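Colleague: Counting from 5, one number per residue, gives the positions in the sequence shown under this note's numbering. Have a look at the structure that comes next, please.
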Amino acid sequence: MRQRSEDLVTVTPCEDGPLLVRGPFVLTTQDGRRIDPGRATVALCRCGRSSAKPFCDGSHKATGFRAPSEPDEPS
C-alpha cells in the first residue's frame with residue numbers, strides 16, 4: 005500500500021540552521037508527554053541556544069552555528 009505524500013513526515017536539515025519537520029508528526033518529551041507544536045510545520049533547534057527549545061527561535065544566526073544540510077559521507 006502506497007502512502008500519500010501528505011501522510012509522510014519529512015525532516016529537512018537547513019544549512020547552518022534548524023531541522024524543519026513537515027507532516028503529521030507527534031512531538032514528545034523523553035518521558036512521553038506530548039508537546040503541542042501548534043502547527044503542521046515546525047523548526048527544531050540544532051544549535052542548542054534557543055530560548056524556546058525544542059523549537060528554533062533564530063538564535064543560531066547570532067551564535068555562528070554551522071552545520072551542513074547534506075549528510076556526512078561515511079568514512
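Cβ coordinates follow ideal geometry from the N, Cα and C atoms, glycine included. Since we're looking at a predicted model, the values are computed, not measured.
Does the beta carbon of Q34 fall short of 7 angstroms from some heavy atom of the ligand FAD?
Modeller: Among the components of this structure there are no ligands whatsoever, and the ligand FAD is therefore not found.
Colleague: In this structure, does DSSP put A47 in helix, strand or coil?
Modeller: Counting from one through the sequence shown, the residue named residue 47 turns up at place 43. DSSP places A47 in strand when its eight states are reduced to three.
Colleague: Whole angstroms is fine: what's the gap from V13's alpha carbon to C49's?
Modeller: Along the sequence shown, read from residue 1 onward, the residue named residue 13 stands at position 9. Along the sequence shown, read from residue 1 onward, the residue named residue 49 stands at position 45. Rounded to the nearest angstrom, the two C-alpha atoms are 17 angstroms apart.
Colleague: Where does T33 sit, in a helix, a strand or coil, going by DSSP?
Modeller: As a working note, residue 33 is residue 29 in the sequence shown. Note: T33 maps to coil in three-state DSSP.
Colleague: With a cut-off of 8 angstroms on the beta carbons, I'd call R53 and T67 a contact; round off their distance for me.
Modeller: Indexing the sequence shown from 1 puts residue 53 at position 49. Indexing the sequence shown from 1 puts residue 67 at position 63. Going by Cβ atoms, the distance from R53 to T67 rounds to 5 angstroms, so yes, they are a contact pair.
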